[in-house]
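Here is the structure we will look at, set down as structure tokens.
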Amino acid sequence: MPTVLALDVSLSMSRPVFQQDRSEEPPTVRQLAIKGIHALLNHIHHNCKLEFAALAVYSSMYEILGSFTRDFDQLKSRLASLAEYDKSCVETALLGVKAVVAEEWGSGTACQVIIISDGSLGVGDSSLRQLVAGSRLHLPFSFPCRLDVVLLGERAELERRGAPAAFQRLVELSGGEGAVHTPEPPLSAKSTLALFRRLAETNYAPFSGVLHCGGLSSRVTLCPPPQTYNRTRDFEAVKRTVSPELRICGFLSVADVASPPAFSRHLVLPAPSESGDAPGEPCSEEDENARTACFCVLLHGGLKRENAAALVNVGEDWYGIVYSWADNKKKANLMLSLFEPGTNVLPWLGDFTNLGPAVPGAPSPFPIKVSRKRSYQQTCVTWTRQSGLHSDVQKVLRHARKLPDKTQNFYKELNRLRSAALSFGFYQVLESVAVILERECTLLPGNAHPDCALQLTHAATALRHPEHRQPGKPIQPLSTRFQQGS
Amino acid sequence: MSYPLSHKTVFVLDCSPAMERPCGHQFEMDSLSKGRSSGLIPLAPVTKTMWTCAVEAAVEYCRIVWDIYPSARLIRLIANGAQAVSVNDWTAADQHLTTLMQQLAGVMGGVRSAGSQHSLHAGLAAALHALGEPSEAQRADRAADAAAKVMNRGRVVVVSQLADDGQARRLREWFADALLQHNRTADGAAGRLTVHSCELVLVSVHPDTAECPVTPRPPAPLSAILSGSVVTAKAGTQLAPMMMNLVLSHYELASTTVTGIPMKEEQNSGSSANYDVELLHPAKAYESILQGSPADHAHLRTRRDGCEYETITLKWCTPRTSSAELHQCTSASRVTPVDVNSRPSSCLTNFLLSGRAVMLEMPRRSGGKFVSHMLAAHGGEIFMHALGSGRSVLEDPPSVSEGAGGRVTDYRITEFGRLVSDNRLAPGEASEEGGVPLHAALERLARHTRVWPMTLSESCLAALPSLDSLTALLVKDSLSTDEVLECKKAVYNLVSMEARHEPLPVTTSGARGRGVKREEQYRALWSELEALVRAHCRSDGHQAALECVLECRSQGRAAEERLGLDQAMEELDRCGAPVQDSPLSPPPTKRWRRDRPPAQLSLLEMWNQRVDADNALKRLEFSGRLNGGDNNIVKLYARLDKDKGDEVKK
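Going line by line, the protein sequences match chains F and C. For the first sequence, position 233 matches number 263 in the working numbering, and the numbering has no gaps at all. For the second sequence, position 500 matches number 662 in the working numbering, and the numbering has no gaps at all.
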């Protein structure tokens, strides 16, 4: 996930750090922080090539030094020329983070936020304690996040001032994912680097797994690494992690899958083989990799050719699809869309465990039809507005005017209206429709079919008859000797 | 297992004599036959009773809920007449509009309350009783784990004409007591659930012509487990929109108005006009798009007349045809039109149900617009897909050809495409052994990929189209007699190809494919075939196919072995010659063996050679020839010529 680094540049960060080794000039806290950031960015660059990072500095104001980019050298160069500012205020740091994330990613993308400070809590009204007490912190963020705080100071000194606890409160307010980190005493370049390295290794661990397709397989990495699913749903709290074994269960056509909602998306990249026995030139090794057949490439080609997606089991009751995806039309790659955990998350595909081998050549069984029609798919009755009632009465009238051809339709609509009126207890409308039908009868032209008058009168009488106020007694057409076949 | 408050809702519809009074709002009926003829006596307008208004509003509430949440959001109706009559049940079969309408018609006749000692208590008690009954899901939970605590929550909506605030207060107090009482008895009794939390919504309706005697109260807690609110509405005109407000807040729904839907005019089909359709759906459809400060998207929101909720207006985009494209979708929510039977609504729903998808555009505050949603029907249900917008963390991804295996050009893509289409999934039946269909699919995929070379260069078999039928048959679970015959036919075909010395299709790339002898190619092919058939040997039919391959292969190998013996002898001869030429070794006994007759010699030549060889053994070789130079040719009487020459010189 994209990273925002927020570096404290208040005056206290320029304090020199006492070193046991007196041969060199003591570094300032800020210099240590910059070293740490360099180490972190290098780690991300090597392990997660497609990650973005942004850099903000804060004191009583904030400034975005570099918005989200994959060009980390640019961020590093910005760090080289920093000015010194006044007091530290975490509130502005959070505002800065919020602004830069909202501008780039909106609120749907999870971000990693790392605040780097010397642990000064600020003074007066804008101090961390006051902010927490007055709940003036803009937490949690509108986007899902993991908030880590790095406090560069002597651990004992920090604890004496209560800094770790205060910042821990910040982490909790942000949603609880993340932690406060302090370097091993004594504070030095070495301990700082160790801290950042540890942070990088835990938070930027690349995903490593195997994509299986029956007997074929390929070692893969997912980019960005999949996050743990941890949500409270309507009926249960669900926590799932993606298993390193990704198993293709079968294939579905892209049209049948029909743009399913995804919890997250990941590029599926073939992982380089871990053969350490031939430490040749890195260049030639890369070349060798590119020339060794890889299942991912074959899968991509096959899926693209067939316009299909592979259903993949990624963990306990957790599924996704792998398909060919192109950012622009040129560069296509394999993409994994993870669904919400569960086996029945796409109604139009049904339960995933219920999917079995299809008979080759059979027509597509998807989408799975709903067992009972929704209101907009059937002729339901709503008369809360006058127009609803009018259109239903008009339907009856339209058929009434086409008697005797539309006798069946006339009675069908009439009974539909009748049963709705009975359900709603709206008996007055039955009387009104009876009057309208009688009126239609008087308006019949002289050359009208004799059946018209008979059916209309019959229907009007039946609407008023108590027998047809029973739901199970629909009005039947009057059998006359004018009807066809008699 | 926790159940949300909206899992169970009970409507108590009061059927007192007061509710049987007209609602005061009139529906005119005269315009229906207008234009037919003038001079008729005008038709009297019709008026609904307040009861009818209440039933209609409750049914509409159910329609919306069941369209959007087809399961797990249950509603029961209780008609409170002379006694409380339960209209439907918690069962899935009863949670459907058509069923409900029939059930309503069934109870409608019998619920009239005659006397004046009418009270809502019976209805409220019945509602509590209903909440105490476990739903199907709760029952299944308890059956699965008897000790599990089932969180049972629910909502009671009472629609009645309340006399004053005092009556509302008394009802709330009575209900709070009854709830405590219910929980006390429910704890012990089997099959009854404690109600852990409940919301009581009192809807006081009054005729449109009258003043409302009750003051509305916003939702507020009444006790630790009960909260309550009072809303009021004019029965004829306000109740239905008010129920919409309730359903939106009770189920966290949001409203979207699709604007600019082009529709042909009913009267003259040549012209078309633009219409709007309002849809309801879970609010999560906007979850990832509309966050941040409300001011940022105030420009999207409007309020319709008479409604308390806001609707978000999105613009219709005339659909593109390509449906076989995967959009970056973050959520899909069921929708239902607000005015389900109106012409624009049914036009839109029918358009979608016919299989087409519509993109919806959202205007940006800064100007411009972007496609934010897609409306599409799947299997008879309409969904609103929220599409990813804004920058993606996956921008500028590497191409598949840049990664590992990207430079290999002879992947068997076509064959893998066939594998994909052979391994498609379809809903299946659970097998008798209880295995889920997905396991069968996994097993089939494993069978199909047991032996599967990825590139053409690593397989001779793959390059031979005549063996495709064999490969297709072998992956089957078992082989019928006919299929075994087919397999054998393919194998025999290969045998005859070899016998005819037909060249195998040489793989274009790959170092091994070029310049290899035909015999070697066939040998590799046979061993690959054997490995393939052996790997698939899982039934008697497969065994028969394997035996056939082994048999054919052993015949081929016998020929090969003879060839090998000859070669070995040739080599032996070749290296044997210098040994025989050593001065110590005896003269060769069978010299002709060395010059074994090449195949193109005629019989006569061979005979002569043999005779010559025999003769050579019988008599001593002419010494001149033994010492002779090239081709054993010696000039006779060489000295004679020399002597002659000497005389001439002299």
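Glycine residues also receive a C-beta, built at the ideal position from the N, C-alpha and C atoms.
query: For residue 491 of chain F and residue 470 of chain F, the rounded distance between their alpha carbons; result: 14 Å
query: Proximal chain F residues relative to residue 488 of chain C, where beta-carbon distance stays under 9 Å; result: 284, 287, 288, 289, 290, 339, 351, 353, 355, 365, 367
query: Minimum length 3: unbroken beta strand (DSSP E) runs contained in the stretch 466-550 of chain C; result: 472-479, 491-496, 520-525, 531-540, 543-549
query: Proximal residues of chain F, C-beta to C-beta of residue 608 of chain C below 8 Å; result: 244, 245
query: C-beta atoms of residue 366 of chain F and residue 352 of chain F nearer than 8 Å; result: yes
query: Closest by C-alpha distance to residue 404 of chain F, when choosing among C:533, C:534, C:540; result: C:540
query: Which listed residue (F:252, F:136, F:500, F:499) has its alpha carbon closest to that of residue 77 of chain F; result: F:252
query: Neighbour list for residue 459 of chain C in chain F, Cβ cutoff strictly below 9 Å; result: Within chain F, no residue comes near residue 459 of chain C; the closest Cβ sits about 12 Å away, beyond 9 Å.
query: CB contact check: residue 738 of chain C to chain F, cutoff 8 Å; result: Bear in mind that the predicted position of residue 738 of chain C carries a pLDDT of just 48, short of 50, making it unreliable; the figure below should be weighed with that in mind. No, no contact with chain F.
query: Chain C contact for residue 9 of chain F (CB, 8 Å cutoff); result: Nothing can be reported for residue 9 of chain F, as the shown portion of chain F is limited to 31 through 516.
query: Between the CA atoms of residue 259 of chain F and residue 273 of chain F - distance to the nearest angstrom; result: 12 Å
query: Nearest-angstrom beta carbon gap, residue 102 of chain F and residue 71 of chain F [assumed within contact, 8 Å]; result: 4 Å
query: Contact belief for residue 18 of chain F with residue 204 of chain F at Cβ below 8 Å, rounded distance in angstroms; result: This structure does not reach residue 18 of chain F, given that chain F is present from 31 up to 516, and the question cannot be answered.
query: Cβ-based contacts, 9 Å cut-off: residues of the stretch 194-228 of chain C near chain F; result: 194, 195, 198, 199, 202, 203, 205, 206, 207, 208, 209, 210, 211, 213, 214, 215, 217, 218, 219, 221, 222, 225, 226, 228
query: Interface residues of chain F facing residue 573 of chain C [CB-CB closer than 8 Å]; result: 323, 327, 328, 331
query: Cβ contact (3+ pairs, closer than 8 Å) linking the stretch 351-361 of chain C and the stretch 321-335 of chain C; result: no
query: Chain C contact for residue 240 of chain F (CB, 8 Å cutoff); result: no
query: Residue 306 of chain F burial status per 10 Å Cβ neighbour count (16 or more: buried); result: Residue placement at residue 306 of chain F is poorly supported in this model, since its pLDDT is 42, which falls under 50; the coordinates are not used for a value here.
query: Sufficient close CB pairs (3 or more, under 8 Å) joining the stretch 164-183 of chain C to the stretch 233-252 of chain C; result: yes
query: Span of the beta strand (DSSP E) around residue 648 of chain C; result: No beta strand (DSSP E) holds residue 648 of chain C; the alpha helix (DSSP H) holding it covers 643-661.
query: Beta-carbon contacts of residue 104 of chain F that lie in its chain and below 8 Å, excluding the five residues immediately before and after; result: 96
query: Alpha carbon of residue 172 of chain F to alpha carbon of residue 349 of chain F, nearest angstrom; result: 27 Å
query: CB-CB length for residue 579 of chain C against residue 448 of chain F, believed under 8 Å; result: Not confirmed; about 58 Å, so no contact.
query: Beta-ladder partner(s) of residue 534 of chain F, from DSSP; result: Residue coverage of chain F in this structure runs from 31 to 516, which leaves residue 534 of chain F outside it and unanswerable.
query: Segments assigned beta strand (DSSP E), at least 3 residues, entirely inside the stretch 364-424 of chain F; result: 385-387
query: Chain C within 8 Å of residue 492 of chain F, Cβ atoms only; result: no
query: First and last residue of the uninterrupted beta strand (DSSP E) at residue 359 of chain C; result: 359-368
query: Cβ-based contacts, 9 Å cut-off: residues of the stretch 651-663 of chain C near chain F; result: none
query: Under the three-state DSSP convention, the category residue 225 of chain C falls into; result: helix
query: Per-residue burial, residue 328 of chain C [other beta carbons within 10 Å of its own, 16 or more giving buried]; result: exposed
query: Under 7 Å from the C-beta of residue 553 of chain C: neighbouring residues of chain A; result: Here chain A cannot be found, since the structure's protein chains are F and C.
query: N-terminal and C-terminal residue of the alpha helix (DSSP H) that residue 177 of chain C is part of; result: Careful: residue 177 of chain C lies outside any alpha helix (DSSP H) and carries neither H nor E.
query: Three-way DSSP call (helix, strand, coil) for residue 436 of chain C in this model; result: strand
query: is_contact[residue 121 of chain F, chain C] using C-beta, thresh 8 Å; result: no
query: Local conformation of residue 178 of chain F per DSSP, three classes; result: strand
query: Neighbour flag for residue 420 of chain F against chain C, beta carbons, 8 Å; result: yes
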